[in-house]
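A short write-up of the structure that comes next.
Chains as they are written, first to last, in the numbering used here: chain A, 1 to 382; chain B, 1 to 260.
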C-alpha cells in the first residue's frame, strides 16, 4: 500500500471512529429525554446525509473495512475509559454489544442462508445455562464460553431435521415452538433452578475476577468496564468472522441457497449442508453471547428467554436491514438503548418496536441500510 | 446408433403427475458431441424430461444412463457432479447478486468450501477467486465482451439477452459434458434470438466435446443449429432425424407443425 493510501486510510478511519464515538458518547451521556431525542435525530440525519452524499461509503472505502473495525474498537475503548465508573452506562454498552453478537448469529441464518430463527432468546439461554452449570466446575472460563457456543449449536441441531424439511413460515413456526418448549422445559427442570433460575459467578480470566472494581493506570474502573471490554472484543471478533464468511465461497453458496434452492441444487450445492452450516455458526455465536451475558448479569431465569425477547432480536435484524452489518449494529444500539434512556417509553417498548418494525417493513423493507452487492474478494480486485 | 456413441440414453423413462403422464416410456439417445434439438407442442414433456434428467423430479419408471452410469434416482447435486447442467426456461439467476457471484455458483463444485480455508486462508482464497474471475471473464468474452467488464455489477442492471448469456455461462462454469438448454430464446426478439444462437454455435466451436440438448420452439433456429432432432408428443418420441427428415415426416406435420 502506498504511503498516500495508508495516510488516507488512517485519516478516514479516525474520522469514522471519532464521529461514531462522539455520537455514542452524546447519546449515553444525555440526561434529559429531549437531549436523547435530539442526539438520535442528529445521528440518523448524519448517517442519512453521509449515505446520500456518498461521503460515508467513500470514507469507508478509503479506510478499508478492517481498519474501520479497528477504529470502532478504539472508539469503544475510549468510551469505556470515559464512563469508567458508571456501571449503568457500561452495562448498557456491554448488553448492546452482546445482543449485537447474537444478532450476527441470526444474520448468518436468516440474511445469508434464509433460515428463520424465532428462538434466538432460547439459544441465548442455552449459552447462559451452560455457563451457569459449567462455570461452577473448575473449567477455565474462556473454555466455558466456547462450551456455551457449542451447547447452543448442539441443541440447535435438534431442530435440523424439521428445519430442513420446511421453509418460510413453516420453518419459522418450528423455531417458535422450540422457543416455547425450551422455556417450559426450564421452568419445570429442578436441577436448572426451575422458575427461580440460577446464580452465576462472574467471569474469571487468569485469576482476575471481572466482577471486582479495580484501579488501573490511576483510574478507578467499575467491574462492568471489563465486561464491556470483553464484549467489545467478542463483537469485533464476531463481525470479523461473519464478514469473512460472507465474503467467501461460503457466502456465495449461502446466497444461492437463500435465493433459489432449485438452481443451487442443479449446480451441486447441497441445500442441507449449507443450512446446517448457517444454523450451527449462527447458534454458536448466539450461545457464546448468551454465556458471557449470563456471567455479566450474574443471574439467569426462564423469564429472560421468552418468545418476546426472540422477537426483539429478529426485529433488530429487520430494522437494520438484512444483509448489512453496519445497519445491524445501529439497530442493535437503538433497540437496546432507547428504552433505557427514554424512561417514559420503557413500559410501551414492545408496542413501539412492533410499530417500528411494521413501519420499516411497509416504508423501507430493506431496513435502515440496504444490502449491497458482494465486494470482490480476489487479490486483483482488492 | 452404436452404444459407445451415446453419452446419454433413457429407457422407458416415465413420469406421472397423478393421472397426467408427462413422460410415457421415453427411449432417447443423445450422442457424444452432438447438438440435439428437442421439439414438440406445449405439454409434450420436454421440460419434464430436463427436470427428470437433472434430478428435480424422480422418474416414476425407467432408466437414465449417462456415460454408462445410472442416474435415474440420483440427486441434482450428484447429477451436476456427473457432468450435466442446464439453463431454465424462466431465468433462475440470483438477481441481487453480481454477475461474478452467479457464475461462481456455476463453478461451485470446483471451489473450496471448508470453513478453515474460507475464513483463515484468505490469500489462497483470493487466488482461487482471481482464477474464477479470469475463467468467468473468458467465458463472457465469447458471448459479449462488454459484459466481461461488468463482472462485479449486480444482475439487476443486466439486459434480458445478457441474462440469458450469463445463465448459459453459469452452466458452462461447471465444465459440463452435457448442457441442457431450456428454450433460451423465450421472450426474445428475432434479432436477439439470432445473436444468442450465434453465441451457442461459437460455444460449440470452442468446446468441441460438449454435447448439447436444446429445447426450442423457433423452427428456423432448430434448422440452423441442430445436428439432429427428436420430436416429442404426449411424452413419447414421435420421430427423430435431421431437421429436414423430421419436418418432412407426415405425422410430425400433423401433430405439431400444423401443416397438412
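Glycine residues also receive a C-beta, built at the ideal position from the N, C-alpha and C atoms.
| Query | Result |
| --- | --- |
| Check whether residue 102(A) and residue 276(A) have beta carbons under 9 angstroms apart | no |
| Of the listed residues 55(A), 351(A), 293(A) and 24(A), nearest to residue 203(A) (C-alpha basis) | 293(A) |
| Chain B within 9 angstroms of residue 252(A), Cβ atoms only | yes |
| 7 angstroms Cβ cut-off: residues of chain B touching residue 369(A) | Residues of chain B passing the Cβ test: none, with the nearest at roughly 15 angstroms. |
| Segments of 4+ residues assigned as alpha helix (DSSP H) that fall wholly inside the stretch 149 to 195 of chain B | 160 to 173 |
| Chain C contact residues for residue 113(B), given Cβ-Cβ distances below 7 angstroms | Judged by its chain identifiers, the structure shown contains no chain C, and its protein chains are A and B. |
| Proximity of residue 184(B) and residue 168(B) at Cβ, strictly below 9 angstroms | yes |
| When 249(A), 247(A), 318(A) and 129(A) are compared against residue 110(A), the one with the closest alpha-carbon | 318(A) |
| Near-chain B residues of the stretch 287 to 317 of chain A - C-beta to any C-beta below 7 angstroms | none |
| Chain A contact for residue 130(B) (CB, 9 angstroms cutoff) | yes |
| Where residue 224(B) falls, given that 16 or more other Cβ within 10 Å makes a residue buried | exposed |
| Collapsed DSSP secondary structure at residue 2(B) in the structure displayed | For residue 2(B), the predicted structure reports a pLDDT of 45, less than 50, and the residue's modelled location is therefore unreliable. The matter cannot be settled from this model. |
| For residue 144(A) and residue 156(A), believed in contact at Cβ under 8 angstroms, the rounded distance | Contact doesn't hold; Cβ gap of about 19 angstroms is too wide. |
| Inter-residue spacing [alpha-carbon to alpha-carbon] between residue 34(B) and residue 377(A) | 38 angstroms |
| Separation of residue 176(A) from residue 187(A), as counted between CA atoms | 17 angstroms |
| Rounded straight-line distance, which links the Cα of residue 246(B) to that of residue 41(B) | 14 angstroms |
| Alpha helix (DSSP H) segment containing residue 5(A), residue limits | 3 to 29 |
| Beta-carbon contacts of residue 147(A) that lie in its chain and below 6 angstroms, excluding the five residues immediately before and after | 130 and 134 |
| Any non-hydrogen atom of the ligand SAH closer than 8 angstroms to residue 54(B) Cβ | What this structure holds is no ligand at all, so the ligand SAH is not there to describe. |
| Per-residue burial, residue 367(A) [other beta carbons within 10 Å of its own, 16 or more giving buried] | buried |
| Chain-ordered neighbours of residue 245(A) on chain B, where CB pairs are closer than 9 angstroms | 115, 118 and 119 |
| Selection from 82(B), 115(B) and 207(B) that minimises the alpha carbon distance to residue 253(A) | 115(B) |
| Chain-ordered neighbours of residue 27(B) on chain A, where CB pairs are closer than 7 angstroms | The premise fails here: residue 27(B) is roughly 24 angstroms from chain A at the closest Cβ pair, so nothing lies under 7 angstroms. |
| Amino acids of chain B, ordered along the chain, whose beta-carbon sits closer than 8 angstroms to that of residue 142(A) | Ordered by position in chain B, no residue passes the 8 angstroms Cβ test against residue 142(A), which lies about 19 angstroms from the chain. |
| Contact residues within the stretch 265 to 276 of chain A, judged by C-beta distance below 7 angstroms to chain B | 265, 266, 267, 268, 269 and 270 |
| Nearest-angstrom beta carbon gap, residue 83(A) and residue 74(A) [assumed within contact, 8 angstroms] | Actually they are not in contact, since the Cβ atoms of residue 74(A) and residue 83(A) sit about 15 angstroms apart, beyond 8 angstroms. |
| Cβ-Cβ distance between residue 228(B) and residue 61(B) below 9 angstroms | no |
| Any C-beta of chain A under 9 angstroms from that of residue 183(B) | no |
| Neighbouring residues, chain B, relative to residue 378(A) (Cβ below 7 angstroms) | 126, 129, 130 and 133 |
| Given residue 320(A) as reference, the closest of 343(A), 282(A), 359(A) and 299(A) once Cα atoms are compared | 359(A) |
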